[in-house]
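Chemist:
In UniProt numbering, the protein residues as written are 1 to 254.
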């Protein structure tokens with residue numbers, strides 16, 4: 001027996017959190033009985049589980065790496081008709097969902113999967129999964145400014161955890177710098193707000209690593225399946241097993 005929201009997430013219905021919402025809204029039935037309790041359990045091999053009247057099916061697990069362009073919404077649909085991640089996945093038959101988010105104005109590495117259990121672990125703050133970004137900012141921050149990021153800065157929603165931050169590229173004329181920064185949290189627009197705090201606004205933000213997985217040479221707007229080794233690396237990251245070498249590789253990735 002497993003928790004109902006976990007069964008739904010593993011079947012690719014939606015993220016774990018969204019599945020919990022579906023349950024609370026009374027849209028899930030088990031053997032034709034409406035279930036609204038989040039603690040309810042079921043047997044996916046024996047019980048008939050439906051969402052909005054449609055039986056779920058245990059889909060084959062799929063793990064994708066997508067290089068999201070700027071100006072794309074990190075959702076599968078958008079009521080305003082804006083470009084979404086789904087527009088780039090037309091030939092993917094399985095239902096997959098983004099693992100976390102990338103802002104509309106941000107670009108780079110985005111993971112998608114129908115493995116709701118892994119997605120939940122990767123995005124839950126308690127697992128401290130590292131995410132590395134290349135942030136191009138106005139002017140060149142002093143070393144003392146980077147030290148502030150490394151120690152944590154106070155934002156409106158509290159202190160940030162210590163980050164890794166180092167120069168990736170510096171304009172000889174001092175007009176801009178690209179900083180490689182690794183964080184272990186997932187607050188809304190966190191990296192941008194951290195650089196705003198040290199008075200160096202971000203002009204371009206690209207995620208280059210998530211849980212030790214890097215973009216490599218994947219072109220913008222393209223996706224590929226993760227290898228078995230990469231999926232295992234994500235599982236290790238979700239369990240807190242990210243090596244120092246992984247973190248160093250992420251900081252150096254282009």
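Note that CB positions come from ideal geometry on N, CA and C, so glycine has one too.
From 161, 163, 179, 162, pick the residue whose C-alpha is nearest to that of residue 169; which is it?
Modeler: Of the candidates 161, 163, 179, 162, the one whose C-alpha sits nearest the C-alpha of residue 169 is 179.
Chemist: Here's a check: name, in chain order, each residue in its chain whose Cβ is nearer than 8 Å to the Cβ of residue 120, leaving out the five neighbours to either side.
Modeler: These residues qualify, in order along the chain: 9, 15, 16, 17.
Chemist: Would you list the one or two residues that DSSP bridges to residue 195?
Modeler: Its beta-bridge partners do not exist; DSSP assigns none.
Chemist: Grab the span of the alpha helix (DSSP H) containing residue 144 for me, first residue to last.
Modeler: Residues 143-151.
Chemist: Quick test of your reading: residue 55 and residue 7, contact by CB under 8 Å. State the CB separation rounded to the nearest angstrom.
Modeler: Residue 55 to residue 7, Cβ: 12 Å. No contact.
Chemist: By DSSP, does residue 164 sit in helix, in strand, or in coil?
Modeler: Strand at residue 164.
Chemist: In chain order, what residues of the same chain have a beta carbon less than 7 Å from the beta carbon of residue 235, not counting five sequence neighbours either side?
Modeler: For residue 235, where only same-chain residues beyond five positions count, the Cβ hits under 7 Å are 118.
Chemist: What are the start and end residues of the beta strand (DSSP E) that includes residue 131?
Modeler: Here the beta strand (DSSP E) through residue 131 covers 131-138.
Chemist: Assuming residue 182 and residue 132 make a contact with CB atoms under 8 Å, what is their CB distance in whole Å?
Modeler: Confirmed, Cβ separation roughly 4 Å.
Chemist: Per the contact definition of three or more C-beta pairs closer than 8 Å, is the segment 94-112 in contact with the segment 57-77?
Modeler: The answer is yes - the segment 94-112 touches the segment 57-77, with three or more Cβ pairs under 8 Å.
Chemist: Can at least three beta-carbon pairs, one atom from the segment 143-150 and one from the segment 185-203, be found at a separation below 8 Å?
Modeler: Result yes; three or more Cβ-Cβ pairs closer than 8 Å.
Chemist: Relative to the C-alpha of residue 105, which candidate in 135, 116, 96 has its C-alpha closest?
Modeler: Comparing Cα-Cα distances from residue 105 to each of 135, 116, 96, the minimum goes to 135.
Chemist: Suppose the cutoff is 6 Å on Cβ atoms and the five residues either side in sequence are ignored; what does the same chain contact list for residue 47 look like?
Modeler: Cβ neighbours of residue 47 beyond the five flanking positions: 30, 31.
Chemist: For the candidate residues 21, 38, 201, whose alpha-carbon lies nearest to that of residue 2?
Modeler: Closest by alpha carbon: 38.
Chemist: Could you tell me the distance, in whole angstroms, from the CA atom of residue 166 to the CA atom of residue 51?
Modeler: Cα to Cα, the separation comes out at about 47 Å.
Chemist: Determine, using beta carbons only, whether residue 11 and residue 41 come nearer to each other than 8 Å.
Modeler: Against a cut-off of 8 Å, the Cβ pair of residue 41 and residue 11 comes out as no contact.
Chemist: How long is the line joining the alpha carbons of residue 154 and residue 60, rounded to whole angstroms?
Modeler: Taking the straight line joining both Cα atoms gives about 43 Å.
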